[in-house]
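Student: First to last, the sequence lines map onto chains B and Z.
Counting from -17, one number per residue, gives the positions in the first sequence under the numbering used here.
Counting from 67, one number per residue, gives the positions in the second sequence under the numbering used here.
Note that the Cβ used here is the ideal one computed from N, Cα and C, for glycine as well.
This structure is a prediction, so every number in the text was calculated from the model and none was measured.
Questions regarding the structure given below will be posed in turn.
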Amino acid sequence: MSQGGEQVAELIRQTAAGVPDGIAGLYRLYSGHLLRLGWRLTGSRHDAEDIVHDLFLGLPEAIRSFEHRGSFAGWLTRVATRMALMRMRSARRRREATLEDSQAVVSHSLSAEDRSDLDQHIAALPTTLRAVLVLRQIEGYSHEEVGALLGISPGASRVRFNRAVLWLRQRMTEKP
Amino acid sequence: MSILTRHPDAETLSQYAARTLDGDERLATGIHLESCTRCRETVKMLRQLTDLGAESVESQSQDILARVLDARAAGARALLPTAEPVPIRSRRLPLAAGAGVAAIIAVVYLFSIRNASAGSRTGSLKFEPDAPHPGQIVRATYEPNATLARFDSVILRARFRRPVDDAYNDGMMQSRVGAMHRSGGGFTLEFRLPDSVVFAVFAVESPGADIIDDKDQQLWDLVTVDQGGKPLFEALVQKQRDLMGRNWEEGLRTTRTLAALYPDDPEAGGMVPVFERWVLGEHIADSLSPGHRRQFAAFQAALGEKPELPARIIAGMAHFAIALDDSGASHYWISRFQKSFPNDPEVLSREENRLASQYIKGEQEPNGSYRVLETQPAYFQELESVWQRLEPTHDPYLESVAHNAFAHAMDARDTAHVRIWVSRFHLVARDVTGWTSDLGSDLLQFPTLRDTAEAWLRNGVRLLAEGRDADRRLWATVAVQRDMNRSAAQPILASLGKALIEDGHLDAGLDTLRLAASYGWNPQVLRSVGDALIARGDTAAALQSYARVVADPGTPIALKDSIRSIVRRDGDANWERLVQNAAQEMRQSVLQRAAPRSLNGPFRLMTKSGAIHSLSDVVNNKVTVLMFWSPYCGFSLEPLHDLDLLNDRLASHGAQVVTIVDQPFSKDLEQALRVHRAGRLSVFYDFRSDAHRAFSSFGTPDYYVLDSNGRVIFQHSSLEELPRQVAALLP
């Protein structure tokens, strides 16, 4: 096991035991990526922060189900993705509210850097297309994995991915 | 290595961008990219997206961690979704060749029905079995949407279709299948599908019929199958007919499924080009026709020389040939149909057409209408034997034959044959109440038939007032159907009221007209009420009614002038105030009928110069009257000049008229605009049928009124309603 791997394994062990330093260590390593993932999936900064908050709140108990068969980052990403999707499904917020929220994210960006045009266009994608695009192209899941996460077939995932790319490319080329 | 002749899909480009595409495919994609700017840009964008995944974000919200630790210290916990989901297998099945293909399509088709998602505003209605045989017991289970969840029971309603039922749903009866009772989280009901029923659509409603779940207007459906589980030919035909006028795209999908499941049936194959023309437009349909011509040629080669063929096959070949506009083949197959099956209802209907063209002479008027010059008695004499053979069949063709004969008798002013054919038509018409107004008004022109006409008008009003539940649309609450019935009853009452006054029954006629006026804003009816009041000497009440007529922006200037002359004669100092009040009353009345909706899907219209416009380009922030028309539809040509004048009047108010045609710009189209003095109207070509799909528009003319944001506020309006609907939307 690499030095980094050993460090993560130790943090996992501490987190499973409820040690605050372990939770804080994993938070520092992964929260940035998880925040961006949650924000890209939900289109909402506040939702992304809530997801990360809840995830680390429940992590010490949930981490016991991590069986060390794959990467911990991958496992964490899948849990965060499912939380984001559950939130998207249950909130059923009107599209106008989501867009308004995403505009707020633009002016209060998660990172110091300004949000790119690409990010803005991703946020404006219809929810069902956005989820597939983010998971497939940005997070690198296969269509089988995307399908399993979203509860759709791999074929449907592929179709939505195609639509999302077409939609995004059209918006990108329309920009002044 | 293959050369790509079309753009690779996004997944291929994604794999190319990620350098995970293998061998030949990578090479072929690379060659394509060398010459395709669009795909190169897509690859660049996909790589940017991948790079986003590599970025991490340093959260500014370090307080999240502090809150997490504080909350945990206080004993808070959260349950996380850690269970790994089970991958869903693809619904796509490998297609086998030959006869197996149809069976697989049947499985895929039924599978797609079973898994159709209703969406969040609707509940879920499932059937067990979900693909029954006619006559089978079916168990329906409904998981309610939020609005129906509070009831102890709900009602399942259906429109059952038999193989003989015709296209569209006007006049189709609806059935109350039964009450669904609570079972677990949902409602259930067992019912027996009638033996004669091959297809059915369903909606669920509250016991008081004031809340309806109609699956977002799509309705749930049930397609019956044969012993092998394959959807019945008749079931899919009935599904297609049911979808006509309410979902053309699904109708096209159903037609294509039918053709795929029954590849040896020319009737099925011949429906596809017809639907493609209706749904996709002439341009796309033309591009698809070579494939259909090849299929027809194959049928021709296989069937042309066969001596004995069933009626459906011969009729199917005739219909296929007509759909392809192949006059030689259609003549051959129609002739063969007539010789082989002289008593088939369709053959008998064509015989009526032949008699009309042989014995009725007329000429085309410059405005596109047809004027009858002579109707020879032989038409009715020879038609009698056709009718005697057709009547016992109880076929839907009876309605069209009877209606044609009635119309020809009317044109000929032949009272005896009007009496005969109107009675026959009344007996066989599917939508009796829908025809009552026209038929009654027509009959009133014949002195010896006035009593019959008035009796019919009364009967029509009675049926509409009664509001039989079987006539209530599946998507309509009791209140909505009542409003629709009142709209339908208004012209019937107006005809009856005027007829009573002409017969000398002034008070009865006035009461009837007043009742008609209470059913919705209608200046013609209001004017009749005013005239009747004047005749009775009640000037004050008459002026109030006349003020409503004058306040209507659609009232012709000449009529307004004649009313003003009455006002001047009888005098009324409050006239201007009466008109102002009436205008306000009109606005309120018109807006009560508003049904705002937004348009979905792409919306591309072509100008004469070939420029493509979106909906917002077309509406241009103006209240807009939108009209669908066709240069080959006389009914839609007649109102063009009135629309041109209306457009002139609206321009000064910041509103406009826009028209959409279903044909490319051509000399015929230009000629039609010139002849009908409508050269100044904005005309757009619906080259992708986007507008027809978005508006669910079928038939021409068809009118809509949109607000300045492009939302549809009034749909399927009448020409007369347009000015006041626009006025109601202007500031």
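Would you mind listing the alpha helix (DSSP H) stretches within the region 95 to 121 of chain Z that are 4+ residues and don't spill past its ends, in chain order?
Tutor: 103 to 120
Student: If you follow the alpha helix (DSSP H) that Z:S611 is in, where does it begin and where does it stop?
Tutor: 605 to 617
Student: Just checking: is the beta-carbon of B:D29 within a distance shorter than 8 Å of some beta-carbon in chain Z?
Tutor: no
Student: Please confirm whether B:A106 has its beta-carbon closer than 8 Å to some beta-carbon of chain Z.
Tutor: no
Student: Could you work out which residues of chain Z lie near B:F38, taking near to mean beta carbons separated by less than 8 Å?
Tutor: Contact note: B:F38 reaches chain Z through I130, L131, V134, using a C-beta cutoff of 8 Å and chain order.
Student: Return the CA-CA distance between B:L19 and B:A30, expressed in angstroms with no decimal places.
Tutor: Our two residues, B:L19 and B:A30, have alpha carbons roughly 8 Å apart in a direct line.
Student: Could one say the Cβ of B:V61 lies closer than 8 Å to chain Z's Cβ atoms, at least one of them?
Tutor: yes
Student: Closest to Z:L599 by CA distance: which of Z:Q547, Z:G563, Z:Y585, Z:T621 is it?
Tutor: That would be Z:G563, whose Cα lies nearest to the Cα of Z:L599.
Student: Restricting to Cα atoms, I'd like to know which of Z:V109, Z:V134, Z:T290, Z:D218 is closest to Z:H199.
Tutor: Z:T290
Student: Starting from Z:Y769, trace the beta strand (DSSP E) in both directions and tell me its first and last residue.
Tutor: 768 to 772
Student: Name the chain Z residues whose beta carbon is nearer than 9 Å to that of B:S26?
Tutor: Within 9 Å Cβ-Cβ: nothing; B:S26 doesn't reach chain Z, min ~14 Å.
Student: Could you check what DSSP says for Z:R258 in three-state terms: helix, strand or coil?
Tutor: Residue state, collapsed to three classes: strand.
Student: Does DSSP classify Z:E371 as helix, strand or coil?
Tutor: coil
Student: Within 8 Å (strictly less), CB to CB, does Z:L214 reach chain B?
Tutor: no
Student: Would you list the residues sitting across from Z:E440 in a DSSP beta bridge?
Tutor: Z:K427
Student: Which residues, in order along the region -9 to 6 of chain B, keep a beta-carbon less than 8 Å from a beta-carbon of chain Z?
Tutor: G0, P2, I5, A6
Student: Which term fits Z:A565, buried or exposed, when burial requires 16 or more other beta carbons within 10 angstroms of its beta carbon?
Tutor: buried
Student: Nearest-angstrom Cα distance between Z:T685 and Z:G745?
Tutor: The sequence shown places Val at residue 685 of chain Z, not Thr. Rounded to whole angstroms, Z:V685 to Z:G745 spans 20 Å at the Cα level.
Student: Using CA coordinates, which residue listed in Z:V267, Z:A601, Z:N588, Z:D597 is at the minimum distance from Z:P619?
Tutor: Z:N588
Student: How far does the beta strand (DSSP E) with Z:K674 in it extend, from its first residue to its last?
Tutor: Note, Z:K674: premise wrong, no beta strand (DSSP E); not H, not E.
Student: What first and last residue would you give for the beta strand (DSSP E) that runs through Z:W286?
Tutor: 286 to 289
Student: Any residues in the region 439 to 466 of chain Z with a beta carbon nearer than 9 Å to a beta carbon of chain B? Which ones, in chain order?
Tutor: none
Student: Whole-angstrom Cβ separation of Z:E271 and Z:V220, contact assumed at under 8 Å?
Tutor: 7 Å
Student: Please determine, among Z:R614, Z:A639, Z:S664, Z:A677, the residue with the shortest C-alpha to C-alpha distance to Z:Q650.
Tutor: Z:R614
Student: Is there a Cβ from chain B that is less than 8 Å from the Cβ of Z:M111?
Tutor: yes
Student: Under a Cβ-count criterion, where at least 16 other Cβ atoms within 10 Å of its own Cβ denotes burial, should Z:H98 be classed as buried or exposed?
Tutor: Looking at its Cβ environment, which holds 16 or more other Cβ atoms inside 10 Å, Z:H98 is buried.
Student: Where does Z:K305 sit, in a helix, a strand or coil, going by DSSP?
Tutor: helix
Student: Looking only at its own chain, which residues have a Cβ that is under 7 Å from the Cβ of Z:L735, when we skip the five neighbours before and after it?
Tutor: P697, V727, Q729
Student: Determine which residues of the region 405 to 435 of chain Z have a Cβ less than 9 Å from any Cβ of chain C, and write them out in chain order.
Tutor: Considering every chain present, this structure includes no chain C. Its protein chains are B and Z.
Student: The alpha helix (DSSP H) spanning Z:R653 covers which residue range?
Tutor: 641 to 657
Student: Between which residues of its own chain and B:A62 is the CB-CB distance below 8 Å, once the five residues before and five after are set aside?
Tutor: L16, L19, G20, I33, V34, L37
Student: In chain Z, which residues lie with their C-beta within 8 Å of the C-beta of B:S53?
Tutor: By Cβ distance, chain Z contributes nothing, its closest Cβ being about 14 Å from B:S53, past 8 Å.
Student: Using a Cβ cut-off of 8 Å (strictly closer), state whether Z:A140 contacts chain B.
Tutor: no
Student: Given a cut-off of 8 Å on the beta-carbon distance, is the pair Z:A266 and Z:A206 in contact?
Tutor: no
Student: If you measure from the beta carbon of Z:Q781 to each beta carbon in chain B, is any gap under 8 Å?
Tutor: no
Student: Helix or strand or just coil, what does DSSP make of Z:Q722?
Tutor: strand
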